Each structure stands twice: as C-alpha cells, then as structure tokens.
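Colleague: Structure incoming, see below.
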Amino acid sequence: MIKLAAFDVDGTLRERDYLPDSTRTALQKLKENGVALALCTGRSEFEVKSLREELGIDWAITCNGSHVGYRGETVFGSTFPAETVRGWLREAERSGHGLILYGAELMYTNRRDNPYFAQAQQEIGFMEPVLLQSMDEVPDIYQAIVFCGEHEEAAYTAGGKDLYYLHRWRPWAIDINPGGMNKAVGLQRLLDHLGISSEEVAAFGDGLNDYEMIESVGYGIAMGNAGDELKEKARFVTKPMMEDGIAYAVNEWIVK
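So for the sequence shown, my numbering puts the first residue at 32; every next one is plus one.
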C-alpha cells in the first residue's frame with residue numbers, strides 16, 4: 032500500500048504555469064485515499080510556496096534534497112559553509128558569472144543583469160532573487176546555481192562529488208548542493224521522520240536529478256516526457272505530463 036507520493040515539479044506536475052486539471056483531480060484522489068503528498072524539486076521553498084499551498088501539500092523537499100520543510104518551516108537542512116559561499120561570490124565577481132543562492136525563505140543573486148538568468152527565466156521561469164548586498168552577512172544557503180560553462184565550473188566545484196552533488200541542467204548552468212545530498216536523501220529524511228518505508232512510496236519525475244529518487248522507492252514512476260536514462264531506472268513509465276501522465280499513473284498503479 033502506498034502511503035506517500037512525491038512529485039518533481041517542472042515537467043512532472045506542471046510546465047511553467049500550466050498544471051493539468053487531471054493532475055489536480057489525481058492529487059485529490061490520493062489524499063482522499065490517505066496518501067500523503069510531498070513536492071520533491073530542485074527549486075527552492077520560496078519558489079514552490081504558492082504551488083504547495085494551492086495544491087494543499089504540507090511537505091516540500093527542495094534544493095535537490097538539501098532542504099525539507101513542513102508548510103514552509105524548515106524541518107531538516109544541509110547548508111554550505113559561509114566561507115564557501117563567500118569564495119563563490121568572489122570568484123563570480125572576478126569571472127563575471129551570475130550566481131543564484133537558495134536560502135530557506137529567499138533566493139539571492141550577485142547580479143541582476145546576467146543574460147543566462149534572463150534566458151533561464153524565459154525558458155523555465157524563475158522568481159526574482161534578492162540582491163545579496165554584503166559578503167560578510169551570508170545567510171544559510173542550501174543550493175547554488177552557477178551560470179557558467181562546463182570548462183569554467185572547476186573554480187566552484189573543486190573536490191567534485193566528494194564535496195558536492197552536481198547537476199548540470201543546461202550547458203551554461205549547473206546546480207551545486209552539499210556533498211551527499213540528492214532528492215533520494217532528502218526524501219529518506221522525510222520518510223524516517225514519518226515512519227514510512229521506501230517500499231510504501233511512489234515518486235514521479237522526468238529529469239536526471241530525479242534519478243536517485245526514482246531508484247530508491249517502491250514505485251518509481253518516470254513521466255513519458257522523461258529521457259531514456261531515467262525511464263530505464265523506473266518501475267513504471269507513465270504518459271507525458273501534457274497527456275495526463277500523473278492521472279494515468281495514479282489510476283493505473285496506485286489507487287485503482
């Protein structure tokens with residue numbers, strides 16, 4: 032029996048501001064059948080707050096697993112050392128790169144005029160970040176996005192997978208999370224907290240940062256619009272998001 036369903040956001044629950052009515056109905060059906068819901072996304076708590084509240088979802092695993100919140104309040108979190116963040120800010124200033132830094136309640140940036148941020152905002156949508164005024168007062172940061180090419184990332188990722196979890200989602204943009212973190216780790220923190228086993232969980236995703244999450248649960252479900260690499264790891268492959276993929280999976284495999 033499935034006790035919790037976890038959902039990636041972009042390309043899984045919604046595409047930009049479009050969320051199928053069938054998905055809303057499917058989520059309500061899960062709740063009526065006693066299934067708890069959680070968002071599990073690379074975005075920040077700040078960015079998914081309105082979606083979480085609109086859908087009546089209490090739990091959000093954000094920042095690729097580095098932050099777990101209940102109704103917007105931090106329950107678990109893994110942050111970067113403040114000096115690491117200061118070093119990135121110095122490097123970004125030297126190199127002219129743009130940074131997005133995810134806190135628990137706000138998104139921060141070192142510059143507002145970065146063309147790659149504008150491109151990302153146009154392609155997938157981003158809320159406006161707050162300009163970080165001082166390197167001396169670095170807030171708790173759970174995830175960083177660096178707008179740079181792969182040949183430039185070493186200045187930010189020295190130590191690689193030993194120190195960081197890396198997810199390059201565009202040739203010009205990379206997510207950086209604290210080492211050992213990914214969506215599966217954040218989800219497991221939540222499951223331990225709720226006393227739910229991974230075999231009692233369904234997880235939906237479409238991107239490479241969903242890989243570990245899909246593989247770690249009893250019902251790993253890849254969207255039809257996912258890449259072949261993720262589909263190969265999933266227990267089930269549903270229809271694309273735009274073709275009522277969430278509703279199809281819920282009705283076919285979870286709540287019959």
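Built from N, CA and C at the ideal position, the CB exists for glycine as well.
Being a predicted model, the structure only gives us computed values, none of them experimental.
Can you list the alpha helix (DSSP H) stretches of 4 or more residues lying completely in the region 67-141, in chain order?
Modeller: 76-86, 113-126
Colleague: Mark LEU162 as exposed unless 16 or more other C-beta atoms lie within 10 angstroms of its C-beta, in which case mark it buried.
Modeller: For the purposes of this step, residue 162 is identified with residue 131 of the sequence shown, where counting begins at 1. Exposed, since its Cβ has fewer than 16 Cβ neighbours within 10 Å.
Colleague: Mind checking which residues open and close the beta strand (DSSP E) that includes ASP235?
Modeller: What you label residue 235 is simply residue 204 of the sequence shown in a count that begins at 1. Correcting the residue identity first, residue 235 is Phe in this sequence and not Asp. Boundaries of the beta strand (DSSP E) around PHE235: 232-236.
Colleague: Nearest by alpha-carbon distance to GLN59: which of GLU76, GLU85, GLU78 is it?
Modeller: Translated into positions along the sequence shown, residue 59 becomes position 28. Among GLU76, GLU85, GLU78, the Cα nearest to that of GLN59 is on GLU85.
Colleague: When you compare each of TRP200, GLN153, LEU44 to ALA175 by their alpha carbons, which one comes out closest?
Modeller: In the sequence shown, the residue the question calls residue 175 occupies position 144. Of TRP200, GLN153, LEU44, the residue nearest in Cα terms is TRP200.
Colleague: Suppose you measure from the CA of GLY226 to the CA of SER126; what does that come to, to the nearest Å?
Modeller: The residue given as residue 226 occupies position 195 in the sequence shown. The residue given as residue 126 occupies position 95 in the sequence shown. If you take the alpha carbons of GLY226 and SER126, they lie about 46 Å apart.
Colleague: Could you tell me whether the region 252-259 touches the region 231-243, using the rule of 3 or more Cβ pairs below 8 Å?
Modeller: yes
Colleague: If you compare alpha carbons, which of LYS214, GLU63, SER165, PHE77 is closest to GLY134?
Modeller: Here residue 134 is taken as the residue at index 103 of the sequence shown, counted from 1. Comparing Cα-Cα distances from GLY134 to each of LYS214, GLU63, SER165, PHE77, the minimum goes to PHE77.
Colleague: Taking 7 Å as the limit between beta carbons, can you name the residues of its chain near THR105, skipping five residues before and five after?
Modeller: Reading the sequence shown from its first residue, position 74 is the one you call residue 105. If we look at THR105 and ignore the five residues flanking it on each side, its Cβ neighbours are HIS98, ALA135.
Colleague: Comparing alpha-carbon positions, which option in PRO202, PRO51, ASN240, ILE245 lies nearest TYR279?
Modeller: Numbered from 1 along the sequence shown, position 248 holds the residue referred to as residue 279. Considering only alpha carbons, the answer is PRO51.
Colleague: Measure from the alpha carbon of TRP284 to the alpha carbon of each residue in VAL268, MET273, MET272, GLU274, then state which is nearest.
Modeller: For the purposes of this step, residue 284 is identified with residue 253 of the sequence shown, where counting begins at 1. With distances taken between Cα atoms, TRP284 lies closest to VAL268.
Colleague: Starting from the Cα of THR140, find the closest Cα among VAL281, LEU218, SER165, GLY42 and give me that residue.
Modeller: By one-based count along the sequence shown, residue 140 stands at place 109. Answer by Cα proximity: SER165.
Colleague: Residues bridged to GLY211 by DSSP?
Modeller: Taking the first residue of the sequence shown as 1, we reach residue 211 at position 180. None; GLY211 has no bridge partner.
Colleague: Looking only at its own chain, which residues have a Cβ that is under 6 Å from the Cβ of CYS179, when we skip the five neighbours before and after it?
Modeller: Position 148 of the sequence shown, counted from the first residue, corresponds to residue 179. The beta carbon of CYS179 sits closer than 6 Å to those of HIS128, all from its chain and outside the five residues before and after it, given in chain order.
Colleague: If the criterion is Cβ atoms closer than 8 Å, does the pair LEU194 and ILE205 meet it?
Modeller: Mapped onto the sequence shown, residue 194 falls at position 163. Mapped onto the sequence shown, residue 205 falls at position 174. Not in contact: LEU194 and ILE205 (Cβ atoms no closer than 8 Å).
Colleague: Pick from HIS224, PRO202, ASP171: whose alpha carbon is nearest that of ASN208?
Modeller: Residue mapping note: residue 208 aligns to position 177 of the sequence shown, counting from 1. Among HIS224, PRO202, ASP171, the Cα nearest to that of ASN208 is on ASP171.
Colleague: In the structure shown, what three-state DSSP assignment does ALA281 receive?
Modeller: Sequence index remark: in the sequence shown, residue 281 carries index 250 (1-based). The identity of residue 281 in the sequence shown is Val, whereas the question assumes Ala. VAL281 falls in the helix class under three-state DSSP.
Colleague: Starting from LEU35, trace the beta strand (DSSP E) both ways and give me its first and last residue.
Modeller: For the purposes of this step, residue 35 is identified with residue 4 of the sequence shown, where counting begins at 1. For LEU35, the enclosing beta strand (DSSP E) has its first and last residue at 35-38.
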